[in-house]
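Here numbering that gives the first Met the number 0 is used: position 98 in the sequence shown is 97, and no number is missing along the way.
Glycine included, each C-beta is placed from N, C-alpha and C at the ideal position.
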Amino acid sequence: MFATSRLCPTGSARVNKNSQIDMFITICRLDGAHMTQPKTLSLALCSTLAGVAPAAVFAEEQKEGFIEGSTLTVLNRNFYMNRDHRNGESSPTGNGYSEAWAQGIIGRFQSGFTQGTFGVGVDAFAMIGIKLDTGDGRNGGRSAFDVLPVDGEGRARDEYTKVGGSLKARAFDTVVNVGDVFPSTPVVAFGDSRLLPESFRGVTAVNNSISGLTLQGGRLHSMSQPVSSNMRDGFVTFYGGAVDSPWVAYWEYQFF
């Protein structure tokens, strides 16, 4: 009978990784024994539980939109690097010793897409690198170090910035970005091993029409090195020398 049942204190609810609500309720008799028959649930309670999944799906669908699908992230990166190429020998000029300590703040904004078959949006970023400690003769001054930009006399700058963005469009499971992008493929990938990351400028496209299959392609025109605020035409690779405005194509399939 309904009059002889109650909700146990062990009842709980949670939201899983797919934004769906998982609710766990244990039904007990007043004498403490667990009731195993589902008929002990009242009609009102069953209706409530039945409405949980549709409500979660509706909430997920409502997330789509220029504002609703937007994200803003801010990363604070404290970076220290030390290299000693003197091999135990003294170096009066300091050319064999490199040391730098800096703080980077990396802000990225990614909007959602406007609703409809054809959606548009924007991505933007703003970054700043701030020198904390590095003196004359300790800032590297070589491209292999690349923690802070240096002036004509080899002195590290106090700060530098990177600002950029791109327009994006989505239609039929394809997203196209035009502007400053951060590709991550075996063919071309932005470097992020220093204070601030590299960025590229060009056009990229990603398609996910087939389940498990990702197609990527595009053309890149210029890039910004980790210690540069500006874009530079042309690319230098570790395996093939200089490249001008490369075309990029890549596909990936996940079996599981």
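- For M222, the enclosing beta strand (DSSP E) covers residues L212 to S223.
- By the C-beta density criterion, Q215 is buried, having at least 16 other C-beta atoms within 10 angstroms.
- Between L147 and R156, the CB-CB gap stays under 8 Å.
- The beta carbon of D172 lies closer than 8 Å to those of N206, N207 and S208 in the same chain, with the five residues before and after it left out.
- Inclusion of L131 and A101 in the CB contact set at 8 Å is warranted, their separation being smaller than that value.
- Bounds of the beta strand (DSSP E) holding L74 are T70 to D83.
- Distance from S198 to S223 at the Cβ level is roughly 5 Å; contact confirmed, criterion being Cβ atoms closer than 8 Å.
- Of the candidates T113, I104 and R82, the residue whose Cα lies closest to the Cα of F65 is T113.
- Pairing G190 with P196 gives a Cβ-Cβ distance under 8 Å.
- Contact between V247 and L219 holds, with the beta-carbon distance rounding to 7 Å and staying under 8 Å.
- Here A125 has G106, T160, K161 and V162 as same chain residues with Cβ atoms under 8 Å from its own Cβ, once five neighbours each way along the sequence are excluded.
- Secondary structure note for S198: its beta strand (DSSP E) is the uninterrupted segment S198 to N206.
- About 5 Å separates the beta carbons of V202 and V177, which is inside the 8 Å limit, making them a contact pair.
- Within the same chain, T213 come within 6 Å of E251 by CB-CB distance, once the 5 residues on both sides are set aside.
- Between N81 and D145, the alpha-carbon positions lie close to 12 Å from each other.
- The Cβ atoms of A170 and T116 sit closer than 8 Å to each other.
- For I209, no beta strand (DSSP E) encloses it, and the DSSP letter there is neither H nor E.
- G68 and G111 do touch by the CB rule: their CB atoms are close to 2 Å apart, below 8 Å.
- Taking P185 as the centre and dropping the five residues before and after it, the same chain places the C-beta of Y249 closer than 7 Å to its C-beta, in chain order.
- DSSP links V242 through a beta bridge to F234.
- Per DSSP, the unbroken beta strand (DSSP E) holding S165 starts and ends at E158 to A170.
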